[in-house]
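Here the structure comes first, spelled out in structure tokens, and everything after it is commentary.
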Amino acid sequence: MSELINKYFPTASGAKTVNDHWEAFLNVGLPDRKSEEYKFTPITNVIEREMNFDSITSDSGSDPGVETLFSTPYHMVFLNGKLVKKFEGNDIISVAANSDIPASEKFIPNWKDEFHLMNKGLEADGVYLKIAKGNTLEQPVYIQYVVDSADSQSAAVTRNYFHAEENSEFQVVEEFIYLGENASFENTESHVVVGKAARVRSYKLQLQGKNQLQVGNTFVQQERDSYHKNITITMSGKMVRNNLQIFLNDEHCESHLHGLYMLNGKNHVDNHTTVDHRFPNSYSNEMYKGILTEYSTGVFNGKIYVRPDAQNTNAFQSNNNLLLSDTATLHTKPQLEIWADDVSCSHGCTSGQLDKEALFYLRSRGLGQDEAKALLLKAFVADVLNEIDIEPIKEKVESQVDSVLFTK
Amino acid sequence: MAKDDQILEEFTSKEYEHGWTVDIESDQAPPGLNEEIVRFISHKKNEPEWLLEWRLKAFRDWQKMKEPNWANIKYPPVNYQDIIYYSAPKKKETLDSLDQVDPEMLKTFERLGISLEEQKRLTGVAVDAVMDSVSVATTFKDKLGELGIIFCSFSEAVHEHPDLVKKYLGSVVPANDNYFAALNSAVFSDGSFCYVPKGVKCPMELSTYFRINAANTGQFERTLIVAEDSSYVSYLEGCTAPMRDENQLHAAVVEIYAKQDAEVKYSTVQNWYPGDKNGKGGIYNFVTKRAICAGDDSKVSWTQVETGSAVTWKYPSCILKGDRSQGEFYSVAVTNNYQQADTGTKMVHLGKDTKSRIVSKGVSAGKSQNSYRGQVEVAARATNSRNFSQCDSLLMGSKCGAHTFPYIDIKNSSAQVEHEATTSKIGEDQIFYCTQRGIDEESAVALIVNGYCKEVLNKLPMEFAVEAQKLLALTLEGSVG
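In order, the protein sequence lines correspond to chains L and X.
Here our numbering is used: the first residue of the first sequence is 99, the next is one more, and so on.
Here our numbering is used: the first residue of the second sequence is 1346, the next is one more, and so on.
The following block contains the structure:
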């Protein structure tokens, strides 16, 4: 067992384990290639190949001061898994350490993901943010997770909790930033509780980096009449796995899941989503789009569960992909599991290339081949970008999309 | 809702119509499975040495394998040592005419509505009837013989056309392909063999009726169809089984080999005993079906109507190796009571400009679970390949489930792949529309479901379409969503 600990992480890099949970993780271990959930994302092999946890030192740093996309009073920065910048709470938002969650508010799901178990078994830095009942937080919470592997490899584990109380509203932006060329491994976890009639919008941005291996679990628990929108934008990563689990724990919930992955080089991104309709009269809408070029690999798995009692569920899911090179690979599995009869569920998924007629139309009007292509690709991703409600983020993502599209 | 419940109740309590057994003396092997049994079967069937070796190798591979558990089905573990692996109706002298067939057996077929004579005289279908693993009658053989088409039982083929069997056996489904295929390869009892020579269009639908009879007999069919260049054949398979309390295992293998320009159509109507309304008994149907479009411009089409079996585990698939080859899969799967079905297809695009089309319609009622599991794979060199998949599910009653597991793996930028799925119940507005026009609710449901399945039923050959519609009507009687 101790071998496993050294092999798979952290004691060497300074992280401490939470005994029972760490044992539980060790009993399961990391997923191998035979695992159905990690079939197309052999992250364990890559971790074993790329990472040398012994070389990681755990010295604490200070705020690296990376560029921010916008300014907000609610700005936090993690460096290599340590909280290096935080803000003071006020009447509307309270800030506490993640270990301070009252037992009554522990919404820790019984989830079997191996990396979730690993995260649970480790002492991780993080916060517990709570938006007070009936309030609206005008400016978004902005969390930057910086992993600096310029000098040596690095590893980070974080765990954050966000709780929107009844009838409150806020937005949270989580941006993952990787500095340096060495390999790094990050295991992050975010728990979002959307209280009764609360409204939460979450953004997950993975825009830069090169050699990072990242596994993130996001759990969203929605209560009655609540609204949640999740947007995941991934444009980099040696191997990135995003697990997003939405639990609709009462009636009349509304949930939106949108994602965009735009990959080049040998990037590998895997989005696994689960929407669990447990009660009647809820609505979920999922749309993921992907553009794969060069040697990249895109994986999508969307599960929709409709439990026996969840009558009158409306659940929609779509996953559209464009493969722009013969060396890119796509694995997609839109999965429906339905146990209730009075439902309306659909999913669709496509893989293809740009419409030749549309290209011809643009070219006949004087656009060059590359320009016409880029324009169509931009239109393809617009469906997702238009869902972004924070203007500076939208601009940033758009400009990054443009820089990929128009520099050929 | 009270009326709905009542109708549902009636529907769910409907007993299996073909549930009865006939006493025909069987020549059985002792239950259990070991090398001796494999040798016994091989010896009993007078098989050449190479086939025995092939079986033994499969058996040894099987011993090393584990029963797959990834499918969305649950069933008590099967004790493979409890099964009788060989059972044959007592050997008669070689049969020249139907008169020599055991009259009891003829009666069995008649009760199933597939009287050999009727078939022979009226429909022009050549029937290779399989009862308890041994072919008892083959009709129309002479007529097919004139065209050079070989259509006979598998054991006959082993003796009369050993070269062909040796060449193609296991070429599509290798003996160690999966757990159930390996089991079948080791102990297969009989089956059908069909060879269509170059340029020949088979003038009639070839049909085999399977029937599981003696108690505790696993049925391990093996079908091999080889279509030479520019040939055409349409093959029908259908089955019914008598009422039985213990679960019976059926692990069949079907292999289709299509060469250049060849077209093979394979249709199945499966109505084995699904168990009673409490989920007791019923057939376990673990089947490996695979076709290879080895030559350019070849085409294979699978059509299936699955209404029976307690547990179904079946994925008829196509390997599209030849350029411009085409694969099709049309399926209607209806489950009721405690039935479980995990079925679908696999389309592997290897050649250029290959096309595949998947249409799957699932209907679940009672407490059943119905899953579609499909894979579309496009290899890097399969340029301009095209796939369209559609899988719809219809739910009747609030205790059943419908599941969809489509895997899509693309490695080529010019591939165009589309998948869409919907799940819903029968619209109240649709039923209202019908009742308003004087059609009672029950007929309205039948009408709507028939329309829902039409796309698939239309693909069935005439001879089968009738039976399939009958089956659907029977299953749907009184089921209002």
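C-beta: ideal position from N, C-alpha, C; glycine also.
- Taking 8 Å as the Cβ-Cβ cut-off, the segment 1372 to 1391 of chain X has no residue approaching chain L.
- With a threshold of 16 other beta carbon atoms within 10 Å, Asp130(L) falls short and is exposed.
- At the C-beta level, Pro378(L) and Val244(L) stay beyond 9 Å of one another.
- Judged by DSSP secondary structure, Cys1663(X) falls within the beta strand (DSSP E) whose first and last residues are Ser1662 to Leu1665.
- Taking a Cβ-Cβ cut-off of 9 Å, the neighbours of His429(L) in chain X comprise Tyr1752, Ile1753, Asp1754 and Ile1755, given in sequence order.
- Val1708(X) has a beta carbon lying at 9 Å or more from every beta carbon in chain L.
- Within chain X, the C-beta atoms nearer than 8 Å to that of Ala426(L) come from Lys1756 and Ser1758, in chain order.
- DSSP, read as helix, strand or coil, puts Phe274(L) in strand.
- For Phe478(L), the enclosing alpha helix (DSSP H) begins and ends at Gln467 to Leu483.
- Residue Leu1665(X) holds the alpha-carbon nearest to the alpha-carbon of Thr1728(X) among Leu1665(X), Glu1787(X), Glu1786(X) and Gly1783(X).
- Per DSSP, Leu460(L) has no beta-bridge partner at all.
- In the assembly as shown, Glu1412(X) is an exposed residue. Its beta-carbon has fewer than 16 other beta-carbons within 10 Å.
- In this structure, Ser1676(X) sits near Thr1688(X), with a CB-CB distance shorter than 9 Å.
- Under the rule that a run must span 3 or more residues, the beta strand (DSSP E) segments found entirely inside the segment 1491 to 1565 of chain X read 1495 to 1498, 1535 to 1541 and 1551 to 1556.
- With respect to the C-alpha of Ser1576(X), the residue from Ser1788(X), Lys1644(X), Tyr1618(X) and Gly1583(X) having the closest C-alpha is Lys1644(X).
- Separation of the CB atoms of Ser1713(X) and Cys1745(X) is rounded to 5 Å, and the pair is thereby assigned contact status at 8 Å.
- If you look at Val1632(X), you'll find it isn't in any alpha helix (DSSP H); it sits in the beta strand (DSSP E) that goes Ile1628 to Cys1638.
- In the DSSP assignment, Gly1796(X) falls within the unbroken alpha helix (DSSP H) covering Glu1786 to Leu1802.
- Of all residues in the segment 434 to 447 of chain L, those with a C-beta nearer than 8 Å to a C-beta of chain X are Leu434, Glu435, Ile436, Trp437, Ala438, Asp439, Asp440, Val441, Ser442, Cys443, Ser444, His445, Gly446 and Cys447, reading in chain order.
- When Cβ-Cβ separations below 9 Å define contact, His1764(X) makes contact with chain L.
- For Ala253(L), the closest C-alpha among the options Thr234(L), Glu135(L), Leu277(L) and Asn412(L) is that of Leu277(L).
- Met1807(X) and Met1410(X) have their alpha carbons spaced roughly 41 Å apart.
- With its beta carbon at least 9 Å from every one in chain L, Ser1701(X) lies outside the interface.
- If you check the CB distance, Met333(L) and Tyr359(L) come in under 9 Å.
- Annotation for Arg299(L): the continuous beta strand (DSSP E) segment containing it runs Arg297 to Gln304.
- Here Pro1751(X) is buried. Its C-beta has 16 or more other C-beta atoms within 10 Å.
- For Met149(L), the secondary structure class from DSSP, reduced to helix, strand or coil, is coil.
- Contact between Val1656(X) and Tyr1618(X) is ruled out by a C-beta separation of about 12 Å, above the 8 Å threshold.
- The CB of Ser423(L) comes closer than 7 Å to the CB of Ser1758 in chain X, given here in chain order.
- Ser266(L) places its beta carbon less than 9 Å from that of Ile229(L).
- Setting aside the 5 residues that flank it on each side, Gln1761(X) is surrounded in the same chain by Arg1731, each with a C-beta closer than 6 Å to its C-beta; the list follows chain order.
- Residue pairing by DSSP places Gln1781(X) opposite no residue, since no beta bridge is assigned to it.
- Collapsing the DSSP output to three states places Asn1424(X) in coil.
- According to DSSP, Ser1579(X) shares a beta bridge with Lys1610(X).
- By the Cβ-count criterion, Pro238(L) is buried, with 16 or more other Cβ atoms from all chains shown falling within 10 Å of its own Cβ.
- Chain L has a Cβ within less than 9 Å of the Cβ of Thr1749(X).
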